[in-house]
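Asks: Residue numbers (the working numbering): -12 to 212.
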DNA sequence: ACTCGGATTCTCT
DNA sequence: GAGAATCCGAGTA
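Right under this line is the structure:
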């Protein structure tokens, strides 16, 4: 673990308490925060991106239960991280070729989580392009706009990243606050699911070009609680 | 043991 | 806008 890149030296790790809340609360608050990672075999290389699009998935204790959530039928070998402490990475494989990354929320035993769907690349764009099998001059939007694209860009896999604590100073994978000002998020329904398709649990930074999707689905302002 | 389909992406047309 | 790629976790028998 080496020192952070200059632009992130002043950023701070998030606190555990940040994630001790429902996914509906945590998801919009994650917008603007920074996900950073470095390859295990290359400690000097950092990659970082700002979180611009997330989705909340509710734990089985929620009423009504969230049928689109991996945890909605209770603990399994795959989703066990979700039932552990908050602020840990849940990375799973999908379609035989891709990965998606979530962050566990709520108290231990309650399996809410937040899916990261898109980042705005900040640091290590060259390395991201290599990981994505794209040329060095490729559009930044191609790097991390999409839940599996961002995993590929940052080199995230189930084998090495599932279960990692995102709030530990020595962790390969961290979520930090770099002072990006809070913005009122937009809300829409979640993407790519076939259950609970009407639930308004997808949150984006407004007008951010790195939000995934061909048309950057707009959405409406989140009502303040 | 066996089947089914997925919180996706890319490449065509 | 449609179809393929591609594997394993979860549910059923």
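Ideal Cβ positions, reconstructed from N, Cα and C, are used throughout, including at glycine.
For the pair the stretch 80 to 99 and the stretch 30 to 47, tell me if three or more CB-CB distances fall below 8 Å.
Replies: Yes, since at least three Cβ pairs between the stretch 80 to 99 and the stretch 30 to 47 fall closer than 8 Å, the two stretches touch.
Asks: In angstroms with no decimal places, state the Cα-to-Cα distance between residue 219 and residue 168.
Replies: In the structure as shown, the chain begins at -12 and stops at 212. Residue 219 is therefore absent and cannot be evaluated.
Asks: Within this structure, are the beta carbons of residue 191 and residue 209 separated by less than 7 Å?
Replies: It is not a contact, given that the beta carbons lie outside the stated cut-off.
Asks: At what residue ranges does the stretch 72 to 134 contain a whole run of the alpha helix (DSSP H), taking only runs of 4 or more?
Replies: Qualifying alpha helix (DSSP H) stretches, in chain order: 112 to 118, 128 to 131.
Asks: Tell me the DSSP secondary structure of residue -1 in three-state form.
Replies: If DSSP states are grouped into helix, strand and coil, residue -1 belongs with the strands.
Asks: Between which two residues does the beta strand (DSSP E) holding residue 43 run?
Replies: Per DSSP, residue 43 belongs to the beta strand (DSSP E) from 34 to 44.
Asks: What does residue 22 pair with, by DSSP beta-bridge criteria?
Replies: DSSP output for residue 22 lists 36, 162 as bridge partner(s).
Asks: Residues in the same chain with beta-carbon distance under 6 Å from residue 188, minus the five sequence neighbours each way, listed in chain order, please.
Replies: Correct list, in chain order: 42, 43, 177.
Asks: What is the residue span of the alpha helix (DSSP H) that residue 17 lies within?
Replies: Element bounds for residue 17: 10 to 17.
Asks: Note down, in chain order, each residue of its chain lying with its Cβ closer than 8 Å to the Cβ of residue 54, except the 5 sequence neighbours on either side.
Replies: Taken in chain order, the residues that qualify are 182, 183.
Asks: Taking contact to mean 3 or more Cβ pairs, one atom from each stretch, closer than 8 Å, check whether the stretch 7 to 25 and the stretch 155 to 164 are in contact.
Replies: The stretch 7 to 25, when compared against the stretch 155 to 164, does touch it at the 8 Å Cβ threshold.
Asks: Return the residue from the list 152, 60, 132, 61 that minimises the CA-CA distance to residue 1.
Replies: Among 152, 60, 132, 61, the Cα nearest to that of residue 1 belongs to 152.
Asks: Could you spell out the range, first to last residue, of the alpha helix (DSSP H) harbouring residue 189?
Replies: Segment 189 to 191 is the beta strand (DSSP E) holding residue 189; no alpha helix (DSSP H) there.
Asks: For the alpha helix (DSSP H) holding residue 147, just list the boundary residues, first then last.
Replies: 145 to 148 is the extent of the alpha helix (DSSP H) around residue 147.
Asks: From this set, 159, 193, 134, which residue's C-alpha is nearest residue 24's C-alpha?
Replies: Cα-wise, what sits closest to residue 24 is 159.
Asks: In this structure, how does DSSP classify residue 198 when only helix, strand and coil are distinguished?
Replies: Of the three classes helix, strand and coil, the one that applies to residue 198 here is coil, per DSSP.
Asks: How far does the beta strand (DSSP E) with residue 175 in it extend, from its first residue to its last?
Replies: Taken as a continuous stretch (DSSP letters only), the beta strand (DSSP E) holding residue 175 covers 173 to 175.
Asks: So residue 38 packs on residue 103, CB below 8 Å; how close in whole Å?
Replies: That pair is a contact at about 6 Å.
Asks: Enumerate in chain order the residues of its own chain whose CB-to-CB distance from residue 40 is below 7 Å, with the five nearest sequence positions on each side excluded.
Replies: Answer for residue 40: 104, 105, 191, 198, 199, listed in chain order.
Asks: Alpha carbon to alpha carbon, how far is residue 171 from residue 194?
Replies: So the two alpha carbons sit approximately 11 Å from each other.
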